[in-house]
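Numbering (the numbering used here), first residue to last: 323 to 617. Even for Gly, the Cβ is constructed at its ideal location relative to N, Cα and C. No experiment lies behind these values; they were computed from the predicted model shown. Heads up, the thing below is written out as structure tokens.
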Amino acid sequence: MKIIITGGAGFIGAQLAEQLSTQGHDVITWDLRPHPSEQIKSEIVDVLDIQRVMQGLQGIDVVYHLAGPLVGFCRKHPNLATQLQIQGTTNMLEAAKENKIQKFLLASSFYVYDGIDADENVDEDRELCISKMGLFGAIKVMSERLLQIYAQKYNFEYSILRFGSTYGYGNSSNAVKDFLEMGFQKKEIAIWGKGYRRNQYTFINDVVEGCMMALEQSSSDIYNLVSPEQTSTADLAEMLRHKYGFNISFMEDKKEGPSMAYISANHAQMQLGWKTIPLIDGLNQIVSQMEAVYR
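What follows is the structure, given as structure tokens:
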């Protein structure tokens, strides 16, 4: 199949492009910078440029729409983040409609469950309340709804992929990456508060595998691509201290963020056959790669 991946030079998109290419698909990445591998065809495309998007989707079978703002960018630049997420998604959907795309796969986020009590368990059937979310979660939900409206009205398949906090070697953005970098730089890992905040860190390879599995499904659906393993910040730091000898400290005067609700991956596991590796195994893989850099 001929596939476009927006955000294809990003952390998840770049690896997804490589894996789809190895399966024999004709993959083109769209981003504001080229794909890191010269073996992958890449085009410099801004998803806010509707004419370029409309033209570029001619003859395309499948779209993976991964382009969008990160959480930090959303907090610093809410107007730009909203425009990129909502207008960018709308442009891609308009072009998908006009070019009769077969399937549209949208990158969403575990942040759609923001504002739900930390003691609750949630799955894809949970009713979402935008008024309780931060902006990042809200614009992700709005993009999901836009996709569902277009897909139903114009009769194409879709998958909504709610990514967990994704870690791996490269340009990931969460505590796992930050802690590993501090550890290898011989810096003390400073934990805000008591480190009670819990997260479900999900390995990049598992997320990419879930994206590929969703492509093979003939029905439209939503999938939580979130590791079932929940780990507190303190436990993560202790794991790094015990396994790799990193130094840690607690800054109890600093307020740590709240935990999220527990997010079930049962549907992805049952429907897709999706599996995840334990956090410690993912850490070992990253550390072996980082050791070559910091040696």
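### Query
Taking buried to mean at least 16 other C-beta atoms within 10 Å of its own C-beta, is G604 buried or exposed?
Locating residue 604 in the sequence shown gives position 282, counting from the first residue. Buried, by the Cβ-count rule.
### From L379, M612, T524 and E479, residue whose alpha carbon lies closest to that of G636
Nothing in the structure corresponds to residue 636, since the chain is present only between 323 and 617.
### Task
Indicate the three-state DSSP secondary structure (helix, strand or coil) for I438 in the structure shown.
For the purposes of this step, residue 438 is taken as the residue at position 116 of the sequence shown. Coil at I438, not helix or strand.
### Task
Report the residue from E446, S554, T524 and Y566 whose alpha carbon sits nearest the alpha carbon of G517.
Taking the sequence shown and counting its residues from 1, the one referred to as residue 517 is at position 195. It is S554.
#### Entry: For R519, three-class secondary structure by DSSP
Position 197 of the sequence shown, counted from the first residue, corresponds to residue 519. If DSSP states are grouped into helix, strand and coil, R519 belongs with coil.
### Task
Output yes or no for whether 8 Å exceeds the beta carbon distance between Y435 and A583.
To locate residue 435, count along the sequence shown from 1; it is residue 113. To locate residue 583, count along the sequence shown from 1; it is residue 261. Cβ distance < 8 Å, so Y435 and A583 count as in contact.
#### Entry: Chain-order list of residues whose beta-carbon lies under 7 Å from that of F478 (same chain, five-residue window excluded)
For the purposes of this step, residue 478 is taken as the residue at position 156 of the sequence shown. So the list reads A418, I423, Q424, K425 and F426, once near-sequence residues are dropped.
### Task
Under the assumption that A403 contacts C396 (Cβ atoms under 8 Å), give the Cβ distance between them as a whole number of angstroms.
By one-based count along the sequence shown, residue 403 stands at place 81. By one-based count along the sequence shown, residue 396 stands at place 74. With a contact defined as Cβ atoms closer than 8 Å, A403 and C396 qualify at about 4 Å.
### Which residues DSSP lists as bridging D353, in chain order
By one-based count along the sequence shown, residue 353 stands at place 31. I366.
### Message
By the DSSP assignment, the beta strand (DSSP E) with R619 in it spans what residues?
### Response
Shown here, the chain extends from 323 to 617; a query on residue 619 therefore has no answer.
### Task
State the CB to CB distance for the pair R484 and Y545, rounded to an integer number of angstroms; the pair is presumed to be in contact (CB under 8 Å).
Taking the sequence shown and counting its residues from 1, one reaches residue 484 at position 162. Taking the sequence shown and counting its residues from 1, one reaches residue 545 at position 223. So it is a contact: roughly 7 Å between Cβ atoms.
### Query
In the DSSP assignment, what residue or residues form a beta bridge with W514?
If you number the sequence shown from 1, residue 514 lands on position 192. W514 is bridged to M573.
### M376 beta carbon less than 8 Å from that of M347
Taking the first residue of the sequence shown as position 1, residue 347 is located at position 25. Taking the first residue of the sequence shown as position 1, residue 376 is located at position 54. Strictly speaking, residue 347 in this sequence is His, with Met absent from that position. No, Cβ-Cβ distance for H347 and M376 is not below 8 Å.
### Message
Do T488 and I526 have their beta-carbon atoms positioned less than 8 Å apart in this structure?
### Response
Start at 1 with the first residue of the sequence shown, and residue 526 comes out as number 204. Start at 1 with the first residue of the sequence shown, and residue 488 comes out as number 166. Their beta carbons are under 8 Å apart, which means I526 touches T488 by this criterion.
### Task
Counting only the same chain and skipping the five closest in sequence on each side, list residues whose C-beta sits under 8 Å from that of L562.
The residue you call residue 562 lines up with position 240 of the sequence shown. Same-chain partners within the cutoff: F501, L502, G505, I511, F568, I570 and L605.
### Query
For E442, is the classification buried or exposed, using 16 other Cβ atoms within 10 angstroms of its Cβ as the cut-off for buried?
Counting from one through the sequence shown, the residue named residue 442 turns up at place 120. The residue is exposed, with fewer than 16 neighbouring Cβ atoms inside 10 Å.
### Task
With A429 as the anchor, note down where its beta strand (DSSP E) starts and where it stops.
As a working note, residue 429 is residue 107 in the sequence shown. Unbroken beta strand (DSSP E) run through A429: K425 to S431.
#### Entry: Status (buried if at least 16 other CB within 10 Å, exposed otherwise) for G579
Numbered from 1 along the sequence shown, position 257 holds the residue referred to as residue 579. G579 comes out exposed.
### Query
Per DSSP, H387 forms a beta bridge with which residues?
Here residue 387 refers to the residue found at position 65 of the sequence shown. For H387, which the question treats as bridged, DSSP gives the partners T328 and L428.
### Task
Label T598 either buried or exposed according to how many other C-beta atoms from any shown protein chain fall within 10 Å of its C-beta, with 16 as the threshold for buried.
In the sequence shown, the residue the question calls residue 598 occupies position 276. With 16 or more Cβ atoms within 10 Å of its Cβ, T598 is classed as buried.
### Query
Nearest-angstrom Cα distance between G515 and Q552?
In the sequence shown, counting from the first residue as 1, residue 515 sits at position 193. In the sequence shown, counting from the first residue as 1, residue 552 sits at position 230. The straight-line gap from Cα to Cα measures roughly 18 Å.
### Whole-number beta carbon distance between L457 and P550, since they are thought to touch under 8 Å
Reading the sequence shown from its first residue, position 228 is the one you call residue 550. Reading the sequence shown from its first residue, position 135 is the one you call residue 457. P550 to L457, Cβ: 28 Å. No contact.
### Query
Mind checking whether M414 and T328 have CB atoms under 8 Å apart?
Here residue 414 is taken as the residue at index 92 of the sequence shown, counted from 1. Here residue 328 is taken as the residue at index 6 of the sequence shown, counted from 1. Yes; because the gap between Cβ atoms is below 8 Å, this pair is in contact.
### Query
What whole-angstrom Cβ distance do Y476 and L469 have, given they're in contact under 8 Å?
Here the question's residue 476 lines up with position 154 in the sequence shown. Here the question's residue 469 lines up with position 147 in the sequence shown. Not confirmed; about 11 Å, so no contact.
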